[in-house]
Amino acid sequence: MADFEIPELNEYTVIPKLKEGTMAHSSPFIAKAKFQEPLGFPGELVDNWEEAVLTKMDDLRSRYRGFQVFLDSCVKCGACTDKCHYYLGTKDPKNMPVARQDLLRKVYRRYRTFAGKFFGALGIPGFVGAADLNKEVLDDWYSYFHQCSQCRRCSVFCPYGIDTAEISMAARDIMDTIGMGQKYCNEIIGKAQTIGNNLGLPQPALVDTLEGLEEEVEEDTGVAVKFPIDQKGADILLITPSADFFAEPHVDGLIGYAKVFHEAGVSWTMSSHASEAANFGMFIGSYDNMRKLSLRIRKAALDLGVKRIVFGECGHAWRVAYSFLNTLAGPFDFLDQNYPIPQHICEFTYDLIQKGGLKLDKSENDHMTLTFHDSCNVARASNMGNKPGGQIDIPRAVIKAVCNNYVDMPADTIGEATFCCGGGGGLLTDDLMEVRVKGAQPRMEAYKSVVDNHGVTNLAAICAICKAQFTKVLPYYNFGMTDIVSVHQLVGDAIILTGSEDDVDNDASNNSNEQ
Amino acid sequence: MSASVVYALAFYAATAILVIGVVRKIVQYAKTPAPLKIPTMPAPVTQGGVVMRMASEIVLFNSLFKSNKWIWIFGWMFHLSLLLAFFRHMRYVISPDSFLMPIIGFEMVQAFGKYAGFAMLIGLAGLLVRRIVVDRVRYISSPSDYLMLLLILGIAATGMMMSFVSHVDIVMLKEFMLGLLVFNIQPLPTDTVLLVHLSLVIVLMVIFPISKLLHAPGVFFSPTRNQVDNSRTKRHLAPWAAELEADRKAGE
Ligand code: SF4
Ligand code: SF4
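For the protein sequence lines, the chains are G and Y, in the order given. Numbering-wise (the working numbering), the first sequence opens with residue 31 and increments by one. Numbering-wise (the working numbering), the second sequence opens with residue 60 and increments by one.
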């Protein structure tokens, strides 16, 4: 099936002995000038790139405290060395978080610290963990900073909270600045900035798709559930990853949101101008690009005159929304301050369930036993509700409200310690398939343990990238590609729409059971 | 020049390097903005919660505990004994009539400080062995990482030798130290162990601001640990990011 070895799944996590260079060949396609230039980056590697690297590094050090502190503070304790799914799955020591940081740190040390300059001048920079900058080092950067999904698992376990994701973002920003961008991310950012979504779907195509969905749901349930777009004066603007418009299982999630809104009786709309929740500007560490994409959402909200913004299921998008949107595109003083700005669809559904606003038939999901995959950017980079940990509890509460059979994966693989799906951080591209499959090993191992021991049949997620990644990698590990489901697909399937046949039956036969 | 003068001058130089170096770093950290909210979640939603989080990191090494029990026990033992040894050493630089003396002179402090040396040796040795034996840690270590451990081991070992094997003239040493504080150089005992001990301490002070020892001030400034999770309710904006917004007002 693949021209590389698929890692084995063990009973429990085995920390592999390191094997140097196993992933040195892995490197994504470089962005051509036509994808670089619109984002404000040079089209190809600039002549004086060594100097440009250091200038950009200095710029970032002066603007990002975390970057500077992380470069200085690592004590090489080794606590993070076994925490990265890419190390566990590839055995390549450069995929250990600290070693990944060191690729960049050694250059910082060489040119910007006394120790590095001193021992560098003596010809032994390696004595203090410094190294000269050359093409080989740059190629290593390009390879290994694209083997980091910016999942932040290492940061949880570092005594100083050193976040390799921040280092990877900085490194990618530096590489973009010298003309060595990644095709996948930069092409997508370009589409989102010109057309409005990562897939480049223009407005008519969106309208078409949504009409199709309306017909489908009506046929299924007999109820006219709407999928409005560009509707001025609606109360809620839904921002959702564009994969939700057509990919499986994403689209089932979108159907779920629509049913929830329908039952809540709220007026809502999507926007063709901001038809994308994803914000790949974060993956390339570009404040500027991230901000431009966020401003599209602000503009859509203003143009449509909505009162609230709700985000669909997408991990990194929720990070940008929850943690950064207010910074990048706020203040949102024109929205209704009685609701969280922005709100996650799981928060919305959870609140509605709490209020008894949904009629649910859990048995609709009885053919499945579910587990929940915490997406890294939700679990470790955002929150839901108003208590710490809501991002971990609320999606589970939603699932348990709509399903009878639920089992968690082992504790050290979920919540704040969750393992990445292997495809986040701008790696969800075919040219990185090997690292994606290998990086999924720890998650697949945890999934296998509940499949084997608890009869789990499906894995639910609230992230477009996770869903797409699992669809691809599950089969490599002998699971079904349809094991992965959207949380709002479960919700949608359990909802008894008011006025539907089920609803009528339900009322007749089961009156006392109603909430 | 007598040894006393050489050591006195070296101490002054090392202190200057340590203080100026660390202060410069702290100023750099404090002045650099953190433009985005990046606490590692779940994070406290109040400032008080952040204080608790930081305290548990600094006092108990909470994240390290979650991460790796071996590194935690060795690292924590070492740092705790370092603190105890530090208190014990205060008696050499605090004048007998200082209000602190009764605390520092307290027998508990002195006894703990004395025996902390053993814990320190065990902690350091454990860290060193891990660095050599565990392939992953060996891979990320450079010579300076080993030498730093050996340096501190040397300081601990010579210090313990003076406590348990060959005592030095503490009264004379104390006069030397107190003299340093008022720029009045007094004779220093010339026992080899003491001179080695002091030399190693001077080296440690000098490398502090130019090495990974900067983790000590760094941990206080780590945005993943010291930020409050309140991005939805409170707008967080760095000065340089605010400047970008000049283009915004016109558009709306
Ligand atoms: S856990 Fe932190 S301090 Fe320790 S090696 Fe990793 S990044 Fe460095
Ligand atoms: S952020 Fe995630 S992918 Fe990147 S080094 Fe850390 S653990 Fe690995």
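Note that CB positions come from ideal geometry on N, CA and C, so glycine has one too.
- The residues Ala331, Val336, Lys337, Arg338, Ile339 and Ile371, in chain order, have a CB closer than 8 angstroms to that of G/Leu365 in the same chain once the five nearest residues on each side in sequence are set aside.
- G/Phe59 carries a coil assignment under DSSP once its states are collapsed to helix, strand and coil.
- Counting of Cβ neighbours within 10 angstroms places G/Pro279 among the buried residues, the total reaching 16 or more.
- Looking at the backbone, the Cα of G/Glu475 and that of G/Glu41 are separated by about 7 angstroms.
- The shortest C-alpha to C-alpha distance from G/Ile60 to any of G/Gly211, G/Asp112 and G/Phe257 is the one to G/Gly211.
- Of all residues in the region 90 to 105 of chain Y, the ones placed with a Cβ closer than 8 angstroms to any Cβ belonging to chain G are Thr91, Pro92, Ala93, Pro94, Leu95, Lys96, Ile97, Thr99, Met100, Pro101, Ala102, Pro103 and Val104, in chain order.
- Contact between the region 527 to 536 of chain G and the region 476 to 487 of chain G is absent, with fewer than three C-beta pairs closer than 8 angstroms.
- Sequence-distant partners of G/Ala277 (beyond 5 residues in either direction) whose C-beta falls short of 7 angstroms from its own C-beta, in its chain, are Ala498.
- Judged by beta-carbon spacing, G/Tyr172 lies beyond the 8 angstroms limit of G/Asn125, meaning their Cβ atoms are not closer than that value.
- Taking 8 angstroms as the CB threshold, G/Ile371 lines the interface with chain Y.
- Set against 7 angstroms, the gap from the CB of G/Cys188 to the closest heavy atom of ligand 2 is not smaller.
- G/Arg183 has its CB nearer than 7 angstroms to a heavy atom of ligand 2.
- Selection G/Arg466, G/Ile492, G/Gln519 and G/Asn319 evaluated against G/Pro58 yields G/Arg466 as nearest (Cα-Cα).
- For G/Val83, the closest C-alpha among the options G/Gly159, G/Gln98, G/Ile192 and G/Ala201 is that of G/Ala201.
- Contact annotation for G/Cys107 against chain Y: Ile130 and Gly134 [CB-CB distance below 7 angstroms, chain order].
- Neighbourhood of G/Ser103 in chain Y, by CB distance below 8 angstroms: Lys271, Leu273, His274, Gly277, Val278 and Ser281, in chain order.
- Your pair G/Arg93 and Y/Thr99 does not check out as a contact, with CB atoms roughly 21 angstroms apart and the cut at 8 angstroms.
- In the structure shown, Y/Gln169 falls within a helical segment according to DSSP collapsed to helix, strand and coil.
- Between ligand 2 and the CB of G/Ser198, the shortest heavy atom gap is smaller than 7 angstroms.
- Residues of chain G with a Cβ closer than 7 angstroms to the Cβ of Y/Ile85 do not exist, since the nearest Cβ in that chain sits about 11 angstroms away.
- Excluding its 5 nearest sequence neighbours in each direction, G/Gly445 has C-beta neighbours in its own chain below 7 angstroms: Asp404, Ala409 and Ile422, listed in chain order.
- Contact of Y/Tyr198 with chain G by beta-carbon distance below 7 angstroms involves Leu48, Pro123 and Ala129.
- Checking the 7 angstroms criterion, the Cβ of G/Pro127 is within range of a heavy atom belonging to ligand 1.
- Within the region 135 to 207 of chain Y, the complete alpha helix (DSSP H) segments of 4 residues or longer fall at 160 to 163, 166 to 192 and 194 to 198, listed in chain order.
- Residue range His115 to Thr120 is occupied by the alpha helix (DSSP H) that includes G/Thr120.
- Judged by the Cβ position, G/Lys113 qualifies as a neighbour of ligand 2 at the 7 angstroms threshold, a heavy atom of the ligand being closer than this.
- Look at G/Cys433: its beta carbon is at least 7 angstroms from all of the heavy atoms in ligand 2.
- In terms of side-chain proximity, the C-beta atom of G/Gly108 is found nearer than 7 angstroms to a non-hydrogen atom of ligand 1.
- Y/Asp194 belongs to the set of residues whose beta carbon lies under 8 angstroms from a beta carbon in chain G.
- Counting every other CB atom within 10 Å of its CB across the protein chains shown gives Y/Val64 a total below 16, marking it as exposed.
- Y/Ser122 sits in a helix when the DSSP states are folded into three classes.
- Relative to ligand 2, the nearest heavy atom lies less than 7 angstroms away from the CB of G/Thr194.
- For G/Glu196, the nearest CB of chain Y lies under 8 angstroms from its own CB, placing it at the interface with that chain.
- Under the three-state reduction of DSSP output, G/Gln212 falls in the strand class.
- Around G/Lys262, the same chain offers Leu334 and Gly335 as residues with beta carbons nearer than 7 angstroms, after the five sequence neighbours per side are excluded.
- A distance below 6 angstroms between beta-carbons, with the five flanking residues on each side excluded, links Y/Arg112 to the following residues of its chain, in chain order: Pro103.
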